[in-house]
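All remarks here apply to the structure that follows.
In the UniProt record's numbering, the protein residues as written are 1 to 255.
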């Protein structure tokens with residue numbers, strides 16, 4: 001019995017040793033869940049280069065952007081409360097008319113199916129704009145669209161940097177120019193709440209806020225005065241206009 005147990009232990013030890021030796025031969029690049037494996041699994045071959053899942057996602061996002069931002073631009077031109085709003089709306093119309101045409105052409109070449117109506121969230125934004133009046137409308141228009149464009153700006157840059165598909169690379173370049181133009185026009189209205197945008201970005205940031213030290217001789221900004229109860233006073237600057245209320249439901253990266 002002791003000999004049998006001893007033999008079993010030796011066999012078990014040999015199995016463990018062989019497993020340990022074989023483990024390094026299992027390439028991490030081929031393991032499910034790794035970046036290279038996910039890229040390979042989500043990519044399809046085309047005559048213009050591999051088409052990744054991120055490439056297809058960009059096509060869908062560009063299409064969705066046009067489906068809600070074109071009506072928003074048309075509404076701005078029709079209502080035209082100020083010349084700045086009208087000009088921003090005009091740029092939305094021109095930019096997305098051309099970009100949507102390009103996206104649909106590329107999608108047809110690559111065999112990617114595109115949506116034909118905005119998402120429920122985008123339809124909600126359009127409804128907000130339709131129901132708003134006066135200054136509330138202007139602020140909602142500037143901030144809803146500025147936040148949406150800012151979020152997709154990073155997505156476009158990432159795809160432009162990493163795509164191996166020539167059609168997607170050109171579309172990303174075109175999208176980058178269009179989005180930057182729209183951001184510039186929306187900011188030119190003077191109604192964009194940059195504090196709200198910065199706070200929203202900080203809330204989703206995952207990196208450590210390190211970087212170069214502040215300039216020498218420059219004092220850090222003083223915190224706002226405390227209120228009667230010791231809380232930070234909310235009267236130190238004007239309360240955000242209604243578009244700032246999108247803090248709890250910030251637009252996804254869909255332009």
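No residue lacks a Cβ here, since even glycine has one placed at the ideal position from N, Cα and C.
Note that the structure is predicted; figures quoted are calculated from it, not measured.
Limits of the alpha helix (DSSP H) - the one that residue 103 falls within
By one-based count along the chain shown, residue 103 stands at place 103. Note, residue 103: alpha helix (DSSP H), 83 to 110.
Cβ-Cβ distance between residue 76 and residue 88 below 8 Å:
Locating residue 76 in the chain shown gives position 76, where the first residue counts as 1. Locating residue 88 in the chain shown gives position 88, where the first residue counts as 1. Contact: yes.
Between which residues of its own chain and residue 86 is the CB-CB distance below 8 Å, once the five residues before and five after are set aside?
Locating residue 86 in the chain shown gives position 86, where the first residue counts as 1. Spatial neighbours of residue 86 in its own chain (CB-CB distance under 8 Å, excluding positions within 5 residues in sequence) are listed in chain order as 76, 77 and 80.
What does residue 44 pair with, by DSSP beta-bridge criteria?
For the purposes of this step, residue 44 is taken as the residue at position 44 of the chain shown. In the DSSP output, where bridge partners are listed per residue, residue 44 has 51.
Environment of residue 66 [buried if 16+ CB atoms lie within 10 Å]:
Reading the chain shown from its first residue, position 66 is the one you call residue 66. It counts as buried.
When you compare each of 202, 193 and 187 to residue 84 by their alpha carbons, which one comes out closest?
Indexing the chain shown from 1 puts residue 84 at position 84. For the residues 202, 193 and 187, the minimum Cα distance to residue 84 belongs to 187.
Contacts around residue 156, its chain only, beta-carbon distance under 8 Å, and the 5 residues preceding and following it disregarded
Your numbering for residue 156 matches position 156 in the chain shown. Its chain contains 58, 172, 175, 176 and 179 as the residues whose beta carbon lies nearer than 8 Å to that of residue 156, once the 5 sequence neighbours on both sides are disregarded; these appear in chain order.
What three-state label does DSSP hand residue 136 in the structure shown?
Translated into positions along the chain shown, residue 136 becomes position 136. DSSP places residue 136 in the helix class (H, G or I) of the three-state scheme.
So, with DSSP's three-state summary, where would you put residue 78?
Residue mapping note: residue 78 aligns to position 78 of the chain shown, counting from 1. DSSP places residue 78 in helix when its eight states are reduced to three.
For the structure I just gave you, are there three or more beta carbon pairs, one from the stretch 192 to 199 and one from the stretch 137 to 147, closer than 8 Å?
Yes, since at least three Cβ pairs between the stretch 192 to 199 and the stretch 137 to 147 fall closer than 8 Å, the two stretches touch.
Reduced DSSP category for residue 164 - H, G, I as helix; E, B as strand; rest coil
Stepping through the chain shown from its first residue, residue 164 is reached at position 164. Here residue 164 sits in coil by DSSP.
Euclidean distance between Cα positions of residue 82 and residue 162:
Sequence index remark: in the chain shown, residue 82 carries index 82 (1-based). Sequence index remark: in the chain shown, residue 162 carries index 162 (1-based). Rounded to the nearest whole angstrom, the C-alpha separation of residue 82 and residue 162 is 40 Å.
Quick check: residue 46 and residue 114, are their CB atoms within less than 8 Å of each other?
Position 46 of the chain shown, counted from the start, is the residue given in the question as residue 46. Position 114 of the chain shown, counted from the start, is the residue given in the question as residue 114. Contact check for residue 46 against residue 114 fails: the beta carbons are separated by 8 Å or more.
Let me make sure I understand the geometry here. Which of 216, 112, 151 and 122 has the alpha-carbon closest to that of residue 43?
Within the chain shown, residue 43 is the residue found at index 43, counting from 1. With distances taken between Cα atoms, residue 43 lies closest to 112.
Under a Cβ-count criterion, where at least 16 other Cβ atoms within 10 Å of its own Cβ denotes burial, should residue 199 be classed as buried or exposed?
What you label residue 199 is simply residue 199 of the chain shown in a count that begins at 1. Counting the other Cβ atoms within 10 Å of the Cβ of residue 199 gives fewer than 16, which makes it exposed.
Could you check whether the Cβ of residue 129 sits closer than 8 Å to any Cβ belonging to chain D?
The displayed structure is made up of one protein chain only, and chain D is not part of it.
Element boundaries [alpha helix (DSSP H), containing residue 131]
Sequence index remark: in the chain shown, residue 131 carries index 131 (1-based). Residues 120 to 131.
Which same chain residues end up closer than 8 Å to residue 215 when comparing Cβ atoms and leaving out the 5 residues on each side of it in sequence?
What you label residue 215 is simply residue 215 of the chain shown in a count that begins at 1. Listed in chain order, the non-local C-beta contacts of residue 215 below 8 Å within the same chain number zero, local neighbours out to five positions each way being set aside.
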